[in-house]
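*Asks:*
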Amino acid sequence: MSRTKKIIEQNREVYDIIAPLFASTRQYIWDDLKPFDKYIEPNLRVLDLGCGTGRLYQIFAKFQDSIDYVGLDQSAGQLAQSKKEFPNNKYVQAEMTQLPFEDASFDLIFCIATLHHLPDEETRRHALSEMKRILQPGGRVFMTNWNLYSDSAQKTVEKGKWQQNEGEFVVPWMNPEGKTLGERYYYGFTPEYLDKICSEAGFVVEENYYSKKGTKSDVKKGNNVVTILRKN
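Counting in the UniProt record's numbering, the sequence shown runs from 1 upward without gaps.
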């Protein structure tokens, strides 16, 4: 098994193990997602790519049944939590590099805190290519990725709680008693890197910035990198 496949499989196993605890920490919508609200309209086909526990569905609730929503995740444990919380939605278990949908199947794709789990550039480019394939012309991708170069993240590394090596990070998940239940892989994206690989994938990069609590920030203070892409 290749290094890439091992890391992806390890992340899947960890997210299966921590699913109930993870759900208890993901019960509200991050402020950094609120700028996406203005793009959401009735009668859209929406893919929640890496849906986890399904919390993103809350931002579509005002449209009730007029949004055609699909949640996709590679973790069966995370999907079980989604189904428990939002039982009427459609869910698919699959990897983001092999999306089981026809071309131009969706108007919007949300990829929230997901792409940063892919451990090499070839795999990231493949995932972006798949997103572009299944997106309707004129459709958009909305992404957030952790800003792992912020002052707060780097302090966590300095304290030895997270491991960092040339842009790659290992982040443990601990239970309330402080026991490590598993370690997750993250890649530290910058807006410049995301602009490069997304543009080369054929997307128009409409927005790409560090964000803190829903407002534009900088590398030192931002919690996430927010990116909006459009397919021509």
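Using N, Cα and C, we set each Cβ at its ideal position, and we do this for glycine too. Fair warning: this is a prediction, and the values are worked out from it, not measured in the lab.
#1: Note down the Cα distance separating Gly50 from Lys38, rounded to an integer number of angstroms.
#2: Which residues does DSSP list as the beta-bridge partners of Gln164?
#3: Going by C-alpha to C-alpha distance, which of Asn175, Arg12, Ala23, Thr97 sits closest to Lys84?
#4: How would you label Ala19, buried or exposed, when you count the other beta carbons within 10 angstroms and need 16 or more for buried?
#5: May I ask you to report which of helix, strand or coil DSSP gives Leu44?
#6: Considering only the beta carbon of each residue, do Asp107 and Arg45 sit closer than 8 Å?
#7: Can you tell me which of Glu192, Asp73, Arg3 puts its alpha carbon nearest to the alpha carbon of Val225?
#8: Which of the three DSSP states, helix, strand or coil, is assigned to Pro119?
#9: Check whether the Cβ atoms of Gln74 and Tyr185 sit closer than 8 Å, and answer yes or no.
#10: Which residue wins for smallest C-alpha separation from Gln98, given the options Leu128, Arg55, Arg3?
#11: Can you give me the C-alpha to C-alpha distance between Gly54 and Asn145, rounded to a whole angstrom?
#12: Report the rounded CA-to-CA distance for Ile109 versus Val157, giving the unit in angstroms.
#13: Taking 8 Å as the cut-off, does the region 195 to 205 touch the region 118 to 127 (at least 3 CB pairs, one atom from each stretch)?
#14: Please state if the CB of Tyr187 and the CB of Leu79 are separated by a distance shorter than 8 Å.
#15: Taking all protein chains shown into account, do 16 or more other C-beta atoms lie within 10 angstroms of the C-beta of Ser211, making it buried, or fewer, making it exposed?
#16: Among the candidates Tyr149, Phe86, Cys111, Val70, whose CA atom is the shortest distance from the CA of Glu166?
#17: Just curious, the beta strand (DSSP E) that Gly202 is in, first and last residue?
#18: Can you give me the C-alpha to C-alpha distance between Leu33 and Arg3, rounded to a whole angstrom?
#19: Under the DSSP definition of a beta bridge, which residues are partnered with Gly109?
#20: Under 8 Å, with one C-beta from each stretch per pair, do the region 161 to 180 and the region 133 to 143 reach the 3-pair mark?
#21: Can you find the residues in the same chain that come closer than 6 Å, C-beta to C-beta, to Gln81, ignoring five residues on each side of it along the sequence?
#22: Starting from the Cα of Ser105, find the closest Cα among Gln58, Asn223, Met131 and give me that residue.
#23: By the 10 Å Cβ neighbour count, where 16 or more other Cβ atoms means buried, how is Ser217 classified, buried or exposed?
*Replies:* In brief:
#1: As a working mapping, residue 50 is identified with position 50 in the sequence shown. As a working mapping, residue 38 is identified with position 38 in the sequence shown. If you take the alpha carbons of Gly50 and Lys38, they lie about 21 Å apart.
#2: Taking the sequence shown and counting its residues from 1, one reaches residue 164 at position 164. DSSP output for Gln164 lists Phe169 as bridge partner(s).
#3: In the sequence shown, residue 84 corresponds to position 84, counting from 1. Lys84 has its Cα closest to that of Ala23, out of Asn175, Arg12, Ala23, Thr97.
#4: Here residue 19 corresponds to residue number 19 of the sequence shown, with the count starting at 1. Buried is the call here.
#5: The count along the sequence shown starts at 1 and reaches residue 44 at position 44. Looking at Leu44 - three-state DSSP - the assignment turns out to be coil, as it is neither helix nor strand.
#6: Numbered from its first residue, the sequence shown carries residue 107 at position 107. Numbered from its first residue, the sequence shown carries residue 45 at position 45. Yes, Cβ-Cβ distance for Asp107 and Arg45 is below 8 Å.
#7: For this step, residue 225 is matched to residue 225 along the sequence shown. Minimum Cα distance to Val225 is reached at Glu192.
#8: Position 119 of the sequence shown, counted from the start, is the residue given in the question as residue 119. Reduced to three states, the DSSP call for Pro119 is coil.
#9: The residue given as residue 74 occupies position 74 in the sequence shown. The residue given as residue 185 occupies position 185 in the sequence shown. Their beta carbons are not under 8 Å apart, which means Gln74 does not touch Tyr185 by this criterion.
#10: Walking along the sequence shown from the start, residue 98 turns up at place 98. Nearest C-alpha to Gln98: Leu128.
#11: Position 54 of the sequence shown, counted from the first residue, corresponds to residue 54. Position 145 of the sequence shown, counted from the first residue, corresponds to residue 145. When rounded, the distance between both Cα atoms is 17 Å.
#12: As a first step, residue 109 must be located in the sequence shown, where it is residue number 109. As a first step, residue 157 must be located in the sequence shown, where it is residue number 157. When rounded, the distance between both Cα atoms is 32 Å.
#13: yes
#14: As a position in the sequence shown, residue 79 is number 79, starting the count at 1. As a position in the sequence shown, residue 187 is number 187, starting the count at 1. It is not a contact, given that the beta carbons lie outside the stated cut-off.
#15: Stepping through the sequence shown from its first residue, residue 211 is reached at position 211. Buried, because 16 or more other Cβ atoms sit within 10 Å of the Cβ of Ser211.
#16: Taking the sequence shown and counting its residues from 1, one reaches residue 166 at position 166. Measuring from the Cα of Glu166, the nearest candidate turns out to be Tyr149.
#17: Position 202 of the sequence shown, counting from 1, holds the residue named residue 202. Per DSSP, Gly202 belongs to no beta strand (DSSP E) and is neither H nor E.
#18: Locating residue 33 in the sequence shown gives position 33, counting from the first residue. Locating residue 3 in the sequence shown gives position 3, counting from the first residue. Taking the straight line joining both Cα atoms gives about 32 Å.
#19: On the sequence shown, residue 109 is found 109 positions in, with the first residue counted as 1. It is Ile, not Gly, that sits at residue 109 in the sequence shown. Answer by DSSP bridge pairing, in chain order: Leu47, Val141.
#20: no
#21: Reading the sequence shown from its first residue, position 81 is the one you call residue 81. Counting only Cβ-Cβ distances below 6 Å, and skipping sequence neighbours, we find Ala19, Ala23, Thr53.
#22: The residue labelled residue 105 in the question sits at position 105 within the sequence shown. Closest option to Ser105, Cα to Cα, is Met131.
#23: Translated into positions along the sequence shown, residue 217 becomes position 217. The residue is buried, with at least 16 neighbouring Cβ atoms inside 10 Å.
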